[in-house]
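Encoded as C-alpha cells, the structure appears first; notes follow it.
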Amino acid sequence: MHNQVPSDPFQQPATPYAAPAPHVPPYDPFAPQPYPGDDLPHEQYGPPSGYGPPPGYVPPEFAPYPAQAGTNGFAIVSLVASICGGLVVGTLLGMGFGIAALVQIKRRPQKGRGMAIAGVVISSLTLVVTIAIVTTLIVDESRDRAAGITDVEATALKRGDCIREFDESTTVYDMPVVPCTQPHAAEVYHVFTLPSGPFPGEPAIEEESDDECGVAFEPYDTPQNEELDIYYLHPQRSTWSRDRGVTCIVVDPKGTRTTSILN
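With the working numbering applied, the sequence shown covers 249 to 511.
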C-alpha cells in the first residue's frame, strides 16, 4: 500500500514543459556594440529646420568691392593750367576742367576737390584781372585817340613830332605823339643815321650824337629856346644790325609848350 498525498482540488497541474529560453544571437565581434543607455527610450525629433542669414548679411561672394579713392585727373589739370597756362588758354582750361572735376568728384569717391576749387578760383581771378586790364587799355586808347595822342615807336619818330610826356629812362620803346598845338613836353628837331659797320661802342656813339645834335640845334638857338635841354635816342648793341638811327630831342625844363621850335 502506497502513501499518497491527498490531492488538492485547487492545485494546478504541473507544467509539462518549461518556458522556452530567449533566443540569443551568436556573438559577432565586428557588429556595432550598443552604448550604455541605448536601451533607454529615445525622444523622436524631426529634421532640423533651416536658418536664414542674419538681417543685412551679404554673402561674401556677392559683397561689393570698395573702389579705390584716387585723385581726379581733371582737378590736377585744372590747377596746373590755371597757374602755368597763361592768361587766355590757362584761364579757360583751368575753369573748364575745374568745374568738370567738381561734378565728377560729387559722383565718385575721389580726391582732388580742393585742387579743383583752387583751379576755378585762380582762373576766375585771372579772368577778372585780364578783363580789367583789357578794358583799361581800350579806354586809354579811346581817350588818347580822342585827344589826338598816338603812340609811336622810338625808331619811327621823325622831325617835327611833338611828345606829350618825356621819360628820361635808359630804354625807350615808344613815345606819345600829339599835335604841337597841344601841350607837350618835348619835340623832335633832328634825325640822322650813323655810318654802317661794326658796332663802335656806346662811348663812340654818344660822342658822335652829342656833336651832331648840338650842331643841328644851332639854327633854333634863339632867346626863347636857349633854356631847352637837348636829349637824343641812340641805338644799342642789340639793335645795331637793324637800327643805326639817332633822334635829337629838345625838352623844356619849365613844363609844357603849345608851339613848335621849327616854326
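We treat Cβ as the ideally placed atom computed from N, Cα and C, and that holds for glycine.
Straight-line Cα distance separating M423 from A404: 10 Å
Measure the CB-CB distance between R320 and A366 and report whether it falls below 7 Å. Reading the sequence as shown, one finds Asn at residue 320 and not Arg. Their beta carbons are not under 7 Å apart, which means N320 does not touch A366 by this criterion.
Can you find a heavy atom of the ligand ZN that lies under 6 Å from the Cβ of C496? Of ligands this structure carries none, so the ligand ZN is not represented either.
Buried or exposed: where does P483 fall if 16 or more other Cβ atoms within 10 Å of its Cβ makes it buried? buried
Could you name each continuous alpha helix (DSSP H) segment of 4 residues or more that falls completely within the segment 336-414, going from the start of the chain to the end? 339-355 and 361-394
Residue ranges of each beta strand (DSSP E) run of no fewer than 3 residues wholly in the segment 436-482, ordered along the chain? 477-481
Just grab the DSSP bridge partners of I497 for me. V436 and Y479
Span of the alpha helix (DSSP H) holding V328? G321 to C332
Pairing CB atoms from the segment 485-496 with CB atoms from the segment 436-445, are three or more of them under 8 Å? yes
Looking at the strands, I want to know which residues DSSP matches up with D422. E401
Would you check if the distance between the CB atom of V420 and the CB atom of C410 is smaller than 7 Å? Cβ distance not < 7 Å, so V420 and C410 don't count as in contact.
From Q352 to T383, what does the alpha carbon distance come to, in whole angstroms? So the alpha carbons of these two residues sit roughly 35 Å apart.
Taking all protein chains shown into account, decide if T378 is buried (16 or more other Cβ within 10 angstroms of its Cβ) or exposed. exposed
CA-to-CA distance, I370 to K359, given in whole angstroms: 19 Å
Taking the straight line between their C-alpha atoms, what separation do you get for L335 and S486? 29 Å
Beta-carbon gap between T338 and S330 smaller than 7 Å: According to the sequence provided, residue 338 is Gly. The question's Thr does not apply to it. In terms of Cβ geometry, G338 and S330 form a close pair [threshold 7 Å].
Could you tell me the alpha carbon to alpha carbon distance between G445 and D469, rounded to whole angstroms? Taking the straight line joining both Cα atoms gives about 33 Å.
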